[in-house]
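Chains as they are written, first to last, in this note's numbering: chain A, 117 to 350; chain B, 102 to 358; chain C, 115 to 487.
The beta carbon of each residue, even a glycine, is placed where N, CA and C say it ideally should be.
Please read these numbers as outputs of a predicted model, since none were measured by experiment.
First comes the structure, then the notes that go with it.
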Amino acid sequence: MGDILDITDLSVSYGDGTEALHGVTLNVGAGERVALVGPNGAGKTTLLLAIMGGVKFSGRVAVDGMEMSSRTAHEVRSRCGMTFQNPDDQLFMPTLLEDAAFGPLNQGYPPAEAEARAASAIEAVGLAGLEHRSAHHASEGQKRSASLATILSMNVKLLLLDEPGGGLDFRSRRRLTELLAGRTEAMLMATHDMDMVHTLCTRVVMLDGGRVAAVGTVEEILGDAGLLGRHGLA
Amino acid sequence: MHHRYIDRFAQGDSPVHRLDARAKLIAVVAYSAVVISFPRYAVTELAPLAVMPMAMLWLGGVPAWFALRRVLLLSPFVLFVCLLSPWYDRALHPAGFGSWRFEIAGGWLTSADIAAKFTLGVLALTALTSTTRFAWMLEGMRRLGAPSMLLVQLGFLYRYLFVLIDEAMRVRRGRDFRGAALAPAGRRLSAAGSILANLFVRTLERSERISMAMAARGYAGEWHGLNVLRFRARDAAFLAGVALYLAACRWPWLSAR
Amino acid sequence: MVLAMHMGNELLSIPMAVVTLALAGLLVGAAALRARKTLSAEKLPLMGVMGAFVFAGQMINFTLPGMPGTSGHLVGGVLLAIVLGPAAAIVTLTAILVVQCFLFQDGGLLALGCNILNMGVLPCVLGWGLYRLALGAAERAKAWRQYAATWLACVAGVTAGAALVPVEASFSGVLRIPTVQFLGVMVGVHLLIGFIEGLITFVVVAYLREIRPEALGLTPAAAGAGGVRTGAGKLSRGAVAASFLVTAALLAGVIAWFASGSPGGLEWSLLEHRYGTGEKAAGEGSSAASGADTWQAKWSLLPDYGKRSAPLGEAPAGAKGVQEPSEGGASAVKGWTSLAGMIGTAVTLGIVYLAGAILRRRGSIVGENGRQG
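Have a look at this one:
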């Protein structure tokens, strides 16, 4: 279909029966940037995790034409990458370089090649010179950039970003926004930051209570005060 | 001292920092062995051995107060032995310094000897670890043959050490601000237990999230490492120099009484 | 005040360091292999991150009633063993000890083998074994039984590990303090420490029963009803009981050997004899003490700080491996050599210091990387 991400009727429920997502359908075209908005608990993180195959789901998820299942999980994860809400969950190696190289090494590249990819990803996010620093010696903004580098080094086609600007001050957020604006990959970004949505994204999908509440362009959704109010966003 | 800075000198850059981690590790292990190989009444013979750790520390830009703080936090064993040895070993030994001759009880010599060996050992260890990034030490150990599972755990432990200490300190501060010191013993104990259990569960959940992050980046059971370290000519020269130095320190006393 | 109970290099001899490092390496390697089997691949971060928890947990202290200025805190070995199983706990504790050595300089580099045996392997195996033993038939273990088992495991594990320190130091031939005295102090202090550790561990276990019973190997319903599922460990009860008995017997045997060998009074009289007449004491003492001396004479690489007169493994004729007073001439030479050594060292240190100062002024050493915003 040409879409980089194609989700049809996705549902996720937890062991105790509560439904996190119900009947979600959406798609993201190649190179397109889509924002995922909604109040806390709407299921944004769960949706991103489902795409990565991190939670059990029913329905259909396809990344770059390949359907996500337990068999194909490894392949699919080479095509899309996710950054977590908390960079401390994402950066788990002793140095940033090793974090960025973790993905390529698992993709099967030899150490020298993986190191080269990691180094260029770290440079691409503006952290050149900090490769051998440990994450706990890095600032919040640096950690967020490093998280991005860990999936850019894998040459993925789709970026799933969970609250990429959370906890950042104005300057760091702006820097991150500029960085993302320069990328060509497709993006699905869960966020509360409406400025970032305005600057970066063309379409918006609104989730509430595990269901899709609205889909449209940035102007349509963010310009509709009533809609935002009904779903706890204004 | 804030925990975040326990590690900071290792992040610096100096001729010592740039030496290969494996060379430094081997050098310090050999050094430690030579120190403890001296007999138990050796005191002044140990003096030349002070040069290597001090050189590494000074040329590595590590301040003296940092190196000495560990020495001053005396090991209880060293204290115990130093205080009791003179009591138990009262045989007199002749000793000399310059043209001064005197006799001294063996126990005092043992005390000084143990204290000196302790100090030298701590200084050498500090010299090693404050001029070598922990991640590079791990890679060095891996390439020298240490079991990879242990090294993986060391990596995680190092990475999350400071994160968890931060969490614990925040929680402890919250507890202290709410007047914990005034509570009766039972409640204090109960609060500590509850905080620990909570921290424990949060840690379990954190490790689950890390697992997921690993899987998301393609981890499928096999662990791979980078090869960042490069053993160069200057590392070989360093090792050769250390070997000569240690031999020079030890040899004169090999047949001494 | 928090005491560091790690051994330093200076308490060991080289042969002892090598032996303990090799032994520790073998046991940790075996534990790592076993842990790989019992923990699934996705639980890989669990061990390391749990190790970080132990570090952080040591910050949560509580002041002891009636003992102002001291505080108790969790050391963590037994808790780890209960939750992760003994194999994974050994690997985790080893990682903790290595980090304590490298980052905090707690304990000596060559003493890592001993520290891993004393504070890792022994408390985990012995403590966990006792815990499972005391927990009983598993299905009907009540809360009080779990708490008692935890407490007992902590006291035994901590104390047993501490008892090994004088043994290791004694085998190294480093100390002039009678082993029995050393042992007595170590065991006494650590009984108290183990008691406190048991206290805080059982309180944590009590809370975990409520909020996360699965971590302890209990099903949520079972925690309420007092039942226990088999947890992270898969050793048979027979194996556990056997290992405990063997360890206990070994410890008891070693302690008895030393106790009969050198009571404090006997050594004191030996020293007095030598002090007075300058003659070597020969043939006195119980068989165990002379046995230890002969053993040292056979294996000491530098008896009397001189070259060995007999090959390694044989006792030199007539020697007891005990220090002799040296003659006046030798001490004169030694006196000047000592002075020369000190002066040479001071000069060299001065040169190195200057070199360091010059390097620093040139700015080629960076002590701390500044953070960018």
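- Query: At a Cβ threshold of 8 Å, is His252/A touching chain B?
  - Reply: yes
- Message: List, in chain order, every chain B residue whose beta-carbon is nearer than 7 Å to that of Leu221/A.
- Response: His325
- Using a Cβ-Cβ cut-off of less than 8 Å, list which residues of the region 121-135 of chain C approach chain B; keep chain order. Met121, Gly122, Asn123, Glu124, Leu125, Leu126, Ser127, Ile128, Ala131
- Message: One question on the structure: do Ala228/A and Leu243/A come within less than 8 Å of each other, judged by their Cβ atoms?
- Response: no
- Query: By Cβ distance, which residues of its chain are closer than 6 Å to Trp242/C, with the 5 residues on each side in sequence left out?
  - Reply: Ala195, Pro200
- Report back the beta-carbon spacing between Val171/A and Val179/A to the nearest angstrom; my notes put them in contact at under 8 Å. With a Cβ gap of about 15 Å, Val171/A and Val179/A do not count as contacting.
- Query: With 16 as the cutoff for other CB atoms within 10 Å, does Arg319/A come out buried or exposed?
  - Reply: buried
- Option nearest Thr304/B by Cα separation, candidates Asp108/B, Asp267/B, Ala236/B: Asp267/B
- Message: Can you tell me which residues form a DSSP beta bridge with Asn143/A?
- Response: Asp122/A
- Message: Quick test of your reading: Val163/C and Arg307/B, contact by CB under 8 Å. State the CB separation rounded to the nearest angstrom.
- Response: 6 Å
- Task: Tell me where the beta strand (DSSP E) around Trp159/B begins and ends.
- Result: Element bounds for Trp159/B: not the beta strand (DSSP E) but the alpha helix (DSSP H), 152-160.
- List, in order along the chain, the chain C residues whose C-beta lies closer than 7 Å to that of Arg141/B? Val288
- Please report the residue range of the alpha helix (DSSP H) in which Asp277/B lies. 249-278
- Item | Contacts of Pro210/A in chain B (Cβ-Cβ under 7 Å) | Phe235, Ala236, Leu239, Gly256, Tyr259, Arg260
- Message: Quick check on this structure: which residue in Val302/B, Ile311/B, Asn328/B has the alpha carbon closest to the alpha carbon of Leu322/C?
- Response: Val302/B
- Could you have a look at Leu347/B and say whether DSSP puts it in helix, strand or coil? helix
- Query: Is any beta-carbon of chain A found at less than 8 Å from that of Asp121/B?
  - Reply: no
- Do you know how far the Cα of Gln206/A is from the Cα of Thr161/A? 14 Å
- Item | Complete runs of the alpha helix (DSSP H) confined to the region 194-253 of chain B [at least 4 residues] | 207-230, 235-244
- Message: Mapping the DSSP letters down to three states, classify Leu343/A as helix, strand or coil.
- Response: helix
- Message: Is the beta carbon of Met168/A closer than 8 Å to that of Ala134/B?
- Response: no
- Item | Simplified DSSP assignment, three categories, for His138/A | strand
- Query: Between Val319/C and the rest of its own chain, which residues show a CB-CB distance below 8 Å, the 5 nearest in sequence each way excluded?
  - Reply: Leu193, Ile196, Gln260, Tyr261, Thr264, Leu330
- Query: Between the Cα of Ala216/A and the Cα atoms of Val152/B, Gly319/B, Phe339/B, which residue gives the shortest distance?
  - Reply: Gly319/B
- What is the DSSP secondary structure of Gly175/A, counted as helix, strand or coil? strand
- Message: If I measure Cβ to Cβ from Phe332/B and keep anything under 6 Å in the same chain, skipping five residues before and after, which residues do I get?
- Response: Asp121
- Query: Of all the CB atoms in chain B, is at least one closer than 8 Å to the CB of Gln219/C?
  - Reply: yes
- Take Arg289/A and list the residues in its own chain whose beta-carbon comes closer than 6 Å to its own, dropping the five residues that flank it on each side. Gly281
- So what's Thr333/A in DSSP terms, helix, strand or just coil? strand
- Which value, in whole angstroms, describes the spacing of the CA atoms of Leu316/A and Asn156/A? 22 Å
- Item | Rounded distance between the beta-carbons of Ile238/A and Leu275/A, thought under 8 Å | About 16 Å; that fails the 8 Å criterion.
- Mind checking if Trp352/B is an interface residue toward chain C, Cβ cutoff 8 Å exclusive? no
- Query: For Pro292/C, which residues in chain B fall below 8 Å Cβ to Cβ?
  - Reply: Tyr189
- Met198/A bridges to which residues according to DSSP? Leu276/A
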